[in-house]
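Q:
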Amino acid sequence: MSRKSLIFAFITLVSLIFVGLTQSTPLVPLQKRFTGDVAYCDFGDKVTGRFTWTNIPGNKCRVTGQFNTGLDSPNVGDYSFFLEDGSGNSVHDLTQEIASQIHINPPGASPFQCDFPFSLTSVKDVTGLCFVVKRGGTTLSKGIIKDVGQ
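Going letter by letter, the sequence shown gives residues -24 to -1, 1 to 126 in mature numbering (1 follows the signal peptide of the UniProt record, and there is no 0).
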């Protein structure tokens, strides 16, 4: 191979590497997740588990979670799940949505996921509320919904 061919091959290789690197970086900076986009609730007493609220496109809030322990009855109809404010007033009843999706295999349950319109539950609206689990009229567990920035 001649010296000119080697120089040409080297310049071509450097050019291809440069083009590959510059084309793989986005022109628009990636959007940073701001505080207020995600909130979570941990249960840690009789009932254990975690539920997460995430704002998603389409003005919806996705709620996902799972109960790991504390559900002793296999009948999901024995339980109620709702959000309450600091005064103990029920703000939103999640029982229908959760009961239609989970299967209880004591002491835990299958995972849950549901998308709500923001008018029902956005991360901003649920932060600071309590997520309550009751069996019959007895409160099994309460967890405070916290913003991930806290």
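Don't be surprised by glycine CBs; every beta carbon is placed ideally from N, CA and C.
1) On the three-state DSSP scale, how would you describe Ser117?
2) Select from Phe88, Asn44, Val109 and Asn35 the residue whose C-alpha is nearest the C-alpha of Ser95.
3) When the Cα atoms are used, what is the spatial distance from Gly125 to Val14?
4) Might you give, ordered along the chain, the residues of its own chain that have their beta carbon closer than 8 angstroms to the beta carbon of Phe(-17), omitting 5 neighbours on each side?
5) Report the three-state DSSP secondary structure of Arg9 (helix, strand or coil).
6) Rounded to the nearest angstrom, what separates Gly41 and Gln(-2) at their Cα positions?
7) Which residue comes first and which comes last in the alpha helix (DSSP H) that contains Thr71?
8) Determine the closest residue to Gln89 out of Ile78, Gly53 and Arg(-22), with distance taken between C-alpha atoms.
9) Take Leu47 as the anchor and find which of Ser(-20), Gly112 and Gly64 has the nearest alpha-carbon.
10) Taking the Cβ atom as the reference point for each residue, do Leu59 and Leu105 lie within a distance shorter than 8 angstroms?
11) Let's test the definition: count the other Cβ atoms within 10 Å of the Cβ of Ser66 and tell me whether it reaches 16, buried, or not, exposed.
12) Please name the residue or residues paired with Gln(-2) in a DSSP beta bridge.
A: Let me spell this out:
1) Translated into the one-based positions of the sequence shown, residue 117 becomes position 141. Note: Ser117 maps to strand in three-state DSSP.
2) Position 119 of the sequence shown holds residue 95. Checking every option, the nearest Cα to that of Ser95 belongs to Asn35.
3) Here residue 125 is taken as the residue at index 149 of the sequence shown, counted from 1. Here residue 14 is taken as the residue at index 38 of the sequence shown, counted from 1. Their Cα atoms are separated by approximately 9 angstroms.
4) Numbered from its first residue, the sequence shown carries residue -17 at position 8. Excluding residues within five positions, none has a Cβ falling inside 8 angstroms.
5) As a position in the sequence shown, residue 9 is number 33, starting the count at 1. Bear in mind that a pLDDT of 48 at Arg9, under 50, signals an unreliable position, so the number given afterwards is only what the model happens to contain. Of the three classes helix, strand and coil, the one that applies to Arg9 here is coil, per DSSP.
6) Looking up residue 41 in the sequence shown gives position 65. Looking up residue -2 in the sequence shown gives position 23. Each residue's Cα considered, the two are about 39 angstroms apart.
7) On the sequence shown, position 95 is the one that residue 71 refers to. Per DSSP, Thr71 belongs to the alpha helix (DSSP H) from Thr71 to Ala75.
8) Start at 1 with the first residue of the sequence shown, and residue 89 comes out as number 113. Of Ile78, Gly53 and Arg(-22), the residue nearest in Cα terms is Ile78.
9) In the sequence shown, the residue the question calls residue 47 occupies position 71. Among Ser(-20), Gly112 and Gly64, the Cα nearest to that of Leu47 is on Gly112.
10) Numbered from 1 along the sequence shown, position 83 holds the residue referred to as residue 59. Numbered from 1 along the sequence shown, position 129 holds the residue referred to as residue 105. Closer than 8 angstroms, so yes.
11) As a first step, residue 66 is located in the sequence shown; it is residue number 90 there, counting from the start. Exposed, because fewer than 16 other Cβ atoms sit within 10 Å of the Cβ of Ser66.
12) Here residue -2 refers to the residue found at position 23 when the sequence shown is read from its first residue. Per DSSP, none; premise fails for Gln(-2).
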